[in-house]
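Residue numbers (my numbering): 1 to 100. Okay, so here's the structure we're looking at.
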Amino acid sequence: MSDFPPPPSGPLDAPAPAGPRGNGSAGRGYDRVPPHSLEAEVSVLGAALLSRNAASEAVEVLEPEHFYRNAHRTVFEAIRDLLAAGEPIDTVTLTEWLAR
């Protein structure tokens, strides 16, 4: 007799059965990290610092809540505020704005 559990009976790519929270993670719901890409967040913020047009486009499409890391949210909010105030978007102005 084997010590291994039997193989799954359904397709391997089928979603996990819903757990008590009904989220498909068999009861581990809030223990999972949401999908995110810190590299993508840094790329968006970097592009916004290099190009006012990129900053404008990012502000049109994104909200602070779209950023996983709190520091990235804060920087994005500052870039959004600088744009709204008609200020230049660069590292010096951003640093001064964040120091307020």
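Note that beta-carbon positions come from the ideal geometry of N, C-alpha and C, so glycine has one too.
May I ask you to report which of helix, strand or coil DSSP gives residue i?
i, result
"residue 44", "helix"
"residue 36", "coil"
"residue 98", "helix"
"residue 51", "coil"
"residue 69", "coil"
"residue 83", "helix"
"residue 60", "helix"
"residue 77", "helix"
Look at the Cβ atom of residue i, then the Cβ atom of residue j, and state whether they are nearer than 7 Å.
i, j, result
"residue 87", "residue 95", "no"
"residue 83", "residue 55", "yes"
"residue 52", "residue 89", "yes"
At which residues does the alpha helix (DSSP H) containing residue i begin and terminate?
i, result
"residue 31", "Careful: residue 31 lies outside any alpha helix (DSSP H) and carries neither H nor E."
"residue 87", "Element bounds for residue 87: n/a, residue is neither H nor E."
Is any heavy atom of the ligand FAD found at a distance shorter than 6 Å from the C-beta of residue i?
i, result
"residue 68", "In terms of ligand content, the structure shown is empty, and the ligand FAD therefore cannot be addressed."
Measuring alpha carbon to alpha carbon, tell me which residue in the options is nearest residue i.
i, options, result
"residue 58", "69, 35 and 42", "42"
"residue 48", "34, 76 and 98", "76"
"residue 73", "31, 32 and 98", "98"
"residue 61", "44, 91 and 34", "44"
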